[in-house]
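Step one of this worksheet: look at the structure below.
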Amino acid sequence: MLFRYISKRFAVGLIQLIGLTIAVFFLIRLLPADPVSRLVGMNSSAEAYAQAAKQLGVDRPLLAQLATYLGFQPDIAPGLLQGSLGVSWVTGTPVTTEIAAYLPVTIELVTLSFILALAVAVPIGMFGALNPGGKADKGVFVYSLFAGSQPEFWWGLLFVYLFFFQLGIAPAPLGRLSPMSSPPDVVTGFMTIDALIAGQFDIFVEALHHLMLPVFTMAFILSGPIIKMVRQNMARALQSDFVLYANCAGLPRARVARYALRAAMAPSMTLIGILYGFMLSGAVLTESVFSLGGIGQYAISAVLNYDYPAIQAVVLVITAISLVVYLALDLIHAAIDPRIAY
Amino acid sequence: MTRLEAAALQASSMIEPTTARTVLSVENLVVGYPVDGRMIKPVDGLSFKVREREVVGLIGDAGSGKSTAALALLGLARAPGKILGGKVEFDGRDLLKLPDAEIRAIRGRDIGIIVQNPRSSLNPMLRIGKQIGYAYQAHNAASGQQLRRKAIDMLRMVGINDPERRADSYAHELSGGMAQRALIAMALSSKPKLLIADEPTSGLDVTIQAQFLDEMWNTVQQTGSAILLITQELGTLANYCDRVLVLHEGRIVEDAPVREFFANPQHPYSQQILKLQRERGSSLGLELPEGGVKPLLQTRDLRKTFAVQHTKKTIQAVDKVSLSIGRGETLGLVGESGSGKTTVGRCLLRLLEPTSGSVVFDGEDLVKLPPNDMRRYRSKLQIVFQDPFDSLNPRWTIRRILCEPLDLHSNLSAADKNKRAEELIDLVDLDRTLLDRKPRGLGAGALQRINIARALACNPEFIVLDEPTSVLSPRARVGLIELLVRLQKELGISYLFISHDLTTVRYLCHKVSVMYLGQIVETGTVEQVFSRPQHPYSQALLSAHLFPDPTNRRVDKVIPAALEGEIPSPIDLPIGCYLASRCPHVVEACRSTPQTLEPVDTGQEVRCWRAAAGEITAFKGAHA
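Each protein sequence line maps, in turn, to chains A and B.
So that you can map any letter, position 244 of the first sequence is 244 in the UniProt record's numbering, and since no number is skipped, the others follow by simple counting.
So that you can map any letter, position 132 of the second sequence is 132 in the UniProt record's numbering, and since no number is skipped, the others follow by simple counting.
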């Protein structure tokens, strides 16, 4: 049953991805832009232009380009079917290699931020629901309005000023490691994990240290909506008949709180999933402030350079990850709440 | 001690042997809810006592504070309500003054509670067995396998088949009745000294309801505890309670032994709800002219099937129903939920198209009429639905609601329509000021009267009443029954009264048909069917019904065995008698021979060849 459900979701996801790939392929080409002249320069000769266009393959009919991209003409160039996302028009490097370098940074940042945000926000939201109208509850309300209403790069700058410049407990916002250290061998692309694999514990600590402020910034922003959601779901659960009856049956306070928390977390899963997918590309401002070089920055430079293969790859990869995350959270939701049927 | 108190003390010692210890003593309990800055007090000065081994019934209208009071006895109130004052003394301790941990120890261990909405009161995310285990563990030293075994034992005790499997079910996998049993299992797991049961059988079918109350009553007799039974049903009070408390506007207005309560109610509210019992229908004047009346509506072999999606199978909802209703006559249609009563009602009006058969109204077969001609008949045949809230548009004023049928079926001027609306509202005994209000905020009783007024707007000759009293409080129910009888007498309307409440049917109907699995199994006058039911299913239905008669209590007599087993699926119906799998009188021939309605000696028609042959022993209804 479970296996069938997962395979079904994957099949549907695959269809979505194929549709998306084709749609994005055409939509980009509708843009009133000329990537070739961007590459060869405005004043280049007609021969140079034609040469470049031929090299990029854009002189061929659109459908032929699509066929190549999808991998139906491996003799011309490898495509999706061969596991290739194409070659960047700007750098000439395979897009797959570039994504493998940029994506882990973002995943590491967003995942750690979510773990921190959940660890802080769930207990606070729970506490607020258990003591509604209390001082803490009101404080949290003000915070979630305040934190969410200002953009994260602004908070990032403030934190840099406070924790790096004034207090000196955070490192300079200049990437994933200090310029003096040499990174461990790349295995997974995640700095922390690679450091552990290489057995370089000092690098691991340093990587965490460098992630401290960006993660804190992201978690600071994320906590607002999560607290609100947990508090609201928890308050609803606490007023439900089965919590009332648990009290009637004389169950201990801790057990009743656990009943309510479980009921509150189940519906929260959906929102957390959507938030996560959104943050994969939305983390770009934080990445910029801390010079982290994540997928968001890669996407922006791809768009600015009309690097079509890169744009397509970013859309595809982020969508694929989001779909997997949604599926995972739906499975967790179903594990928490048995009423959810596959 | 004042004279009054002394008198009260003496009176109470007369009722109960002096040895009976007081288990629960409530004094001046007040519960308040803040509404728009004011405090509304649904419980306001509640005082009463419950003694050991006593079954005390608590009756009151909707909104009289029954459920609020039940929770407050445990020191709880639904948010944002609060207990504002009073004393709840249990075993000599005031529960309202105890610290949280101590009162939690008493809840569930000493006082168990069964609430009205069992399925939503069970944790939807935990297996039933686990929940019962937790409830037990909260008050007893046990763990792991012991808890599971205890849960299974409890489930078995409350009569759940295959308790090992059910212990692993979730609440949403249980039927309403099973969820109710699971809740009872939880409430009784620590053997409480007092059980508070808040309408424990609302929403259950009659046959299950009686079985269930019997089990609860037996359990309490065996364990020597006391019950506070909260109910809206006079039948439940009469059959199971020793003493009756009447809750009205948040306080107890009458406290009497059950027989005394029924024989001689003191408070005006009690007198109102008991009015029909005491007058025994005589003043309702249900007499019809000698020699019967001319039939107004007759059906012949009415059938209705529904296709089952994605298969070629069909559900047989109504099967060969033939009935006849005379002018000014009321036919009661009774049976358990799912027996097809409502479908019959809707087919008569072609709200559902019958699959086959005829509905002859005043000489015209409605089933054959083209839609345009049918429209002319719509004003002659009306319907009143079960749920008064959902059948009125909440955005319209009552005036607009009452004028709508006039817009469709008459050419009256606006002024005449207004006049008619006023006549209608007078006709159902409501105040004319209601005309400019919207349904919001009105009680179920008033809304149902508006539904009836709307049905009457175009002078119908026939009205289908589809369980119109089932969601009403006892007082509103009495009022509505009286209204229906009066309207029939004044206007000469015929009714098809669909109900599972046999007590109401007895007051209101001239004839009655009993339905089982889409078929009529017995039909006759109320007198015939209620005093000498012939079909085994009618017998079972009548013996399970709780008539409000404290002189013939169910707990005092030997109860004939209830029907066993489950109702067969309406998709795969048996070849022979539909009741064969559950009937105590079954013989081999029943299983293979389809049954037809046959007249029997006592006057009614019965769909049972053994009854027609006089082979089934007479059953004493004794309630007609």
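Even glycine gets a Cβ: it sits at the ideal position worked out from N, Cα and C.
message = Does the segment 108-122 of chain A come into contact with the segment 317-336 of chain A, if we say contact requires no fewer than three beta-carbon pairs (one atom in each stretch) closer than 8 Å?
response = Touching, no.
Selected residue, minimal CA-CA separation from residue 338(A), among 274(A), 303(A) and 263(A) = Distances from the alpha-carbon of residue 338(A) to those of 274(A), 303(A) and 263(A) put 263(A) closest.
In DSSP terms, what residue 87(A) is bridged to = Answer is 94(A).
query = Apart from the five residues just before and just after residue 281(B), which ones in its own chain have a Cβ nearer than 8 Å to its Cβ?
reply = Because the pLDDT at residue 281(B) is just 47, under 50, the model does not fix this residue reliably, and the value given afterwards should be weighed accordingly. Within the same chain, 506 and 507 come within 8 Å of residue 281(B) by CB-CB distance, once the 5 residues on both sides are set aside.
ask   = Is residue 365(B) near the ligand ATP, with its Cβ less than 7 Å from a heavy atom?
value = Ligands in the displayed structure: none, and consequently the ligand ATP is not present.
Contact with chain A by residue 34(B), beta-carbon distance below 8 Å = For residue 34(B), the answer is no, since every Cβ of chain A falls outside 8 Å of its Cβ.
message = Tell me the DSSP secondary structure of residue 427(A) in three-state form.
response = Since the first and last residues shown for chain A are 1 and 342, residue 427(A) lies out of range.
ask   = Could one say the Cβ of residue 233(A) lies closer than 8 Å to chain B's Cβ atoms, at least one of them?
value = With 8 Å as the cut-off, residue 233(A) does not count as an interface residue toward chain B.
task = Compile a chain-ordered list of the residues in the segment 146-180 of chain A whose CB is closer than 9 Å to at least one CB of chain B.
result = Taking 9 Å as the upper bound on Cβ-Cβ separation, chain B lies near no residue of the segment 146-180 of chain A.
ask   = So who's on the other strand from residue 400(B), going by DSSP bridges?
value = BP columns for residue 400(B) are empty, so no partner.
task = Answer yes or no: does any C-beta atom of chain A fall closer than 8 Å to that of residue 115(B)?
result = Closer than 8 Å: yes.
key: Inter-stretch contact (C-beta, 8 Å, three-pair minimum) for the segment 296-315 of chain B and the segment 355-372 of chain B   = Cβ pair count under 8 Å is three or more, so yes.
Local conformation of residue 373(A) per DSSP, three classes = Given a span of 1 to 342 for chain A in the structure shown, any question on residue 373(A) remains unanswerable.
ask   = Is there at least one Cβ from chain A nearer than 8 Å to residue 625(B)'s Cβ?
value = As shown, chain B starts at 1 and ends at 624. That puts residue 625(B) outside it, with no answer to give.
inquiry  = I'd like to know whether the C-beta of residue 94(B) is nearer than 8 Å to at least one C-beta of chain A.
reply    = For residue 94(B), not one C-beta of chain A is nearer than 8 Å to its own C-beta.
request  = Can you tell me which of 306(B), 363(B) and 213(B) puts its alpha carbon nearest to the alpha carbon of residue 356(B)?
outcome  = It is 306(B) whose Cα lies nearest to the Cα of residue 356(B).
inquiry  = Using DSSP's beta-bridge definition, name the partner residues of residue 31(B).
reply    = Note: residue 31(B) sits in a beta bridge opposite 43(B) and 83(B).
task = Count the other C-beta atoms from every protein chain shown that fall within 10 angstroms of the C-beta of residue 180(A), then say buried if there are 16 or more, exposed otherwise.
result = That one is exposed.
ask   = Hey, residue 469(B) and residue 450(B) are a contact pair by Cβ (cut 8 Å); roughly how many whole angstroms apart?
value = Not a contact, Cβ separation roughly 15 Å.
key: Residues bridged to residue 298(B) (per DSSP)   = According to DSSP, which records beta bridges pairwise, residue 298(B) is partnered with 324(B) and 360(B).
task = Within its chain, find whatever has a CB closer than 6 Å to the CB of residue 564(B); leave out the 5 residues flanking it on each side and keep chain order.
result = Contacts found: 582.
key: Beta-carbon proximity list for residue 497(B), same chain, < 6 Å, skipping 5 on both sides   = In chain order, 330, 332, 465, 508 and 509 place their CB closer than 6 Å to the CB of residue 497(B), counting only its own chain and leaving out the 5 sequence neighbours on each side.
message = Taking CB distances under 8 Å as the criterion, tell me whether residue 250(A) reaches chain B.
response = Yes, because at least one Cβ of chain B sits closer than 8 Å to the Cβ of residue 250(A).
task = Return the Cβ separation of residue 403(B) and residue 421(B) in integer angstroms, given the expectation that the two are a contact with Cβ distance under 8 Å.
result = Contact flag correct, Cβ pair sits at about 6 Å.
Residues, ordered as in the chain, of the segment 108-136 of chain A that lie near chain B by beta-carbon distance below 9 Å = Correct list: 132.
query = Of the choices 342(B), 75(B) and 540(B), whose alpha-carbon is the least far from that of residue 98(B)?
reply = Out of 342(B), 75(B) and 540(B), the CA that lies nearest to the CA of residue 98(B) is found in 75(B).
message = Can you tell me whether residue 25(A) is helix, strand or coil according to DSSP?
response = Assignment of residue 25(A) by DSSP, reduced to helix, strand and coil, places it in the helix class.
key: When 163(B), 146(B) and 548(B) are compared against residue 258(B), the one with the closest alpha-carbon   = The candidate whose alpha carbon is nearest that of residue 258(B) is 548(B).
ask   = Taking the C-alpha atoms as reference points, what is the distance between residue 73(B) and residue 132(B)?
value = A direct Cα-Cα distance of roughly 22 Å separates residue 73(B) from residue 132(B).
key: Inter-residue spacing [alpha-carbon to alpha-carbon] between residue 112(B) and residue 485(B)   = Distance between the alpha carbons of residue 112(B) and residue 485(B) is about 42 Å.
key: Beta-carbon separation (whole angstroms), residue 336(B) vs residue 219(B), contact threshold 8 Å   = About 25 Å separates the two Cβ atoms, so there is no contact after all.
ask   = Using a Cβ-Cβ distance under 8 Å, would residue 148(B) count as near chain A?
value = False, the Cβ-Cβ gap to chain A never drops below 8 Å.
query = Where DSSP assigns a beta bridge to residue 515(B), which residues make up the other side?
reply = Per DSSP, 520(B).
inquiry  = Can you tell me whether residue 442(B) is helix, strand or coil according to DSSP?
reply    = Three-state result, residue 442(B): coil.
message = At a CB distance below 9 Å, what residues from the segment 264-276 of chain B approach chain A? Give them in sequence order.
response = Cβ contacts with chain A: none found.
ask   = What residues in the segment 328-342 of chain A bring their beta carbon closer than 8 Å to a beta carbon of chain B?
value = Residues of the segment 328-342 of chain A with a C-beta less than 8 Å from any C-beta of chain B: 336, 337, 338 and 339, listed in chain order.
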